[in-house]
Structure formats: C-alpha cells, structure tokens
Amino acid sequence: MSFINGPSYVDVVLNIFRRFMNQKMASRVFVHGRNVESFHKIVPADILPEEYGGKKGKLVDLIEHWKRRVMEKRDWFLEDEKYKAQQ
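Read left to right, the sequence shown gives residues 1 to 87 (UniProt numbering).
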C-alpha cells in the first residue's frame, strides 16, 4: 500500500497502526508524501499517468477509457449482481 501526496499526519497515523500489524504487512505500507521518485522505485513511471510523474497519458483519458470498458461489459455486471452469497 503506497500513499502519495497525502497530508503530513498520514505517516503519524500509519505509524500507530503499524504497531498492530505483523511485520510482513507493516513492511508493505509506504508513505511517499510528495516524493514521486521514491514511489517510482516501487511502481515504475512507465505504467503511471502523467499526473503521478508517469508516461501513460493523462489521468482523464485513462478514466474515460475504463468507463467505456465497464459500459461495454454492463450486461455482464448486471447479470453478476444477481449472484450473492446467502447469509
């Protein structure tokens, strides 16, 4: 889990929660603040939108792409909604 561009208190809050996490989970939580270079060590820039220092186009274009993809599969999502676990 990586947090970027978050307020400064996010790190403080996460440090409190890390005490209750096992070592493996705590080692997977990162706070980058506004330091995109440290984020790019975990997530390569070539798969991120430009707004996050990446090279994969504008975020608004990616949002529109996925909206179209979801709408193309609308019938599947509506059908899938019928199947739920019984309580």
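Cβ atoms here follow ideal geometry from the backbone N, Cα and C, with glycine treated the same way.
Boundaries of the alpha helix (DSSP H) harbouring Ser-38: 36-42, taken from the DSSP string. Sorting Asp-11, Met-1, Arg-69, Lys-56 by C-alpha distance to the C-alpha of Lys-24 places Met-1 at the top. The alpha-carbon separation between Lys-67 and Phe-39 amounts to approximately 26 Å.
The continuous stretches of beta strand (DSSP E) do not include Val-60, which lies in the alpha helix (DSSP H) extending over residues 59-72. Between the alpha carbons of Ala-45 and Gly-54 lies a gap of roughly 4 Å. Using a 10 angstroms sphere on the CB of Val-31, the tally of other CB atoms reaches 16 or more, which defines it as buried.
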